[in-house]
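Here our numbering is used: the sequence shown runs in plain steps of one and ends on residue 508.
Where is the CB? At the ideal position from N, CA and C, for every residue including glycine.
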Amino acid sequence: MPPRRMLRAAVIGAGLLGIDLAERLTRSTTLSCALVVGRSSGTAGLRLAARMGCATSTDGIDAVTGSDIDVVFDASNAAAHPAHWAGLAFAGVLLVDLTPSGGGTMVAPTVNGHRAESARHLSLVSCAGQAVLPVLDVVAKHCTPRYVEVVTTVAGASVGRASRCNLDEYIATTEYAVRRLTHAPGAKVLTTISPALPAPAFRAQLTVVVSDIRPEPLRTGVEAVAAAVRTFAPGYEVASWSVADGLIKASVTVTAHGGRLPAYAGNVEIINAAAVLLAERHAAARNE
Ligand SMILES: NC(=O)c1ccc[n+]([C@@H]2O[C@H](COP(=O)([O-])OP(=O)(O)OC[C@H]3O[C@@H](n4cnc5c(N)ncnc54)[C@H](OP(=O)(O)O)[C@@H]3O)[C@@H](O)[C@H]2O)c1
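Printed below as a string of structure tokens:
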């Protein structure tokens with residue numbers, strides 16, 4: 221058997237998400253961080269990436285296409301993403317979109333992670349999507365959701381400028397993903413970027429109006445999926461769960477473990493851990 225080849229990865233966007241991704245890639249056994257692309261030279265993010273041993277550039281998508289890259293993580297902003305896909309669509313690379321642009325195949329590891337093996341353009345939806353879609357997938361298999369409401373709280377310090385600019389896309393893309401997965405006629409996503417100190421941990425509160433509930437298999441299924449998410453995001457918890465009068469109420473919390481993130485930044489941890497896991501799955505399929 222030929223030796224397994226490490227795939228060369230590039231990260232576009234040297235902000236909160238991008239630098240954490242670069243650091244995760246330095247720990248991967250199947251992906252190497254070959255390039256980090258920022259917008260302006262000399263930024264703190266690009267300096268950090270260089271200290272991690274990654275090549276850096278401000279030449280946009282041209283830097284990626286000229287660097288023999290296999291996997292690209294887009295952690296820039298939703299408005300820039302379509303141009304990144306246009307530049308890479310015929311390059312034979314995997315493009316993993318962490319912005320809420322809504323392009324590509326929407327994927328969450330426990331829901332449809334196998335799609336990473338063959339797809340070329342993945343959308344990670346949003347941090348809220350990665351937190352609630354695993355639970356909603358189980359709910360939709362055991363009853364009929366009529367309305368889904370997701371209320372998230374994130375610490376202000378764990379949300380960069382691009383995230384703040386992309387709030388409308390975040391809401392629209394998360395609502396779309398929730399509706400598509402659950403077939404619920406109504407879905408609403410609300411969020412608070414909290415300035416409180418000490419910073420609150422990332423939390424997503426779910427309210428689902430349902431019919432035809434079978435509570436016991438539902439609860440067992442939710443416990444099983446939470447354990448499955450913890451295999452790649454160890455701070456994932458379904459912290460509260462109740463079913464009564466056609467209403468499911470659940471609270472999902474995610475804390476960050478290890479690495480360079482503060483514990484409250486579970487929003488960054490859940491989407492970045494999922495992105496690297498899916499890209500590693502893609503790398504394994506390519507090496508078969
Ligand atoms: N933070 C979260 O919890 C979270 C979770 C899930 C998804 N997201 C999404 O991830 C993206 C990044 O969020 P963030 O919180 O990391 O924001 P951020 O800290 O502002 O990082 C974005 C970085 O991308 C750079 N950038 C923007 N457009 C670029 C382009 N065309 N080429 C190269 N670099 C570019 C920005 O450069 P400048 O500094 O020069 O503008 C900035 O360094 C957003 O779309 C957000 O919605 C964020």
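MET326 is bridged by DSSP to SER343. Only buried fits GLY455, as 16 or more other CB atoms lie within 10 angstroms of its CB.
For GLU443, DSSP records no beta bridge to any residue. Distances between the C-beta of SER260 and the heavy atoms of ligand 1 include at least one below 7 Å. When DSSP states are grouped into helix, strand and coil, SER462 belongs to the strand group.
Per DSSP, reduced to three states, the secondary structure at VAL430 is strand.
When the five nearest sequence neighbours on each side are left out, the beta carbons in the same chain lying within less than 7 Å of the beta carbon of ALA275 are those of ALA254 and LEU255, in order along the chain.
According to DSSP, LYS361 shares a beta bridge with no other residue.
The criterion of a C-beta distance shorter than 8 Å is satisfied by VAL488 and LEU236.
Under the three-state reduction of DSSP, SER471 is assigned to strand.
Distance from the CA of PHE422 to the CA of GLY486, rounded to the nearest whole angstrom, comes to 5 Å. Under the 8 Å Cβ criterion, the segment 406-418 does not count as touching the segment 315-335, having fewer than three qualifying pairs. Per DSSP, CYS385 is one residue of the alpha helix (DSSP H) stretching across 381-385. Look at SER252 here: in three-state DSSP terms it is strand. Assigned with DSSP and collapsed to three states, GLU243 falls in helix. With 16 or more neighbouring CB atoms inside 10 Å of its own CB, CYS363 falls in the buried class. Taking C-alpha positions only, VAL359 is separated from ALA447 by approximately 16 Å. In the three-state reduction of the DSSP assignment, GLU508 falls in the coil class, being assigned neither a helical nor a strand state. Under the DSSP assignment, VAL292 falls in the beta strand (DSSP E) whose first and last residues are 291-294.
Annotation: the continuous alpha helix (DSSP H) that includes ARG271 extends over 264-271. With contacts defined by Cβ atoms closer than 8 Å, LEU467 and THR427 form a contacting pair.
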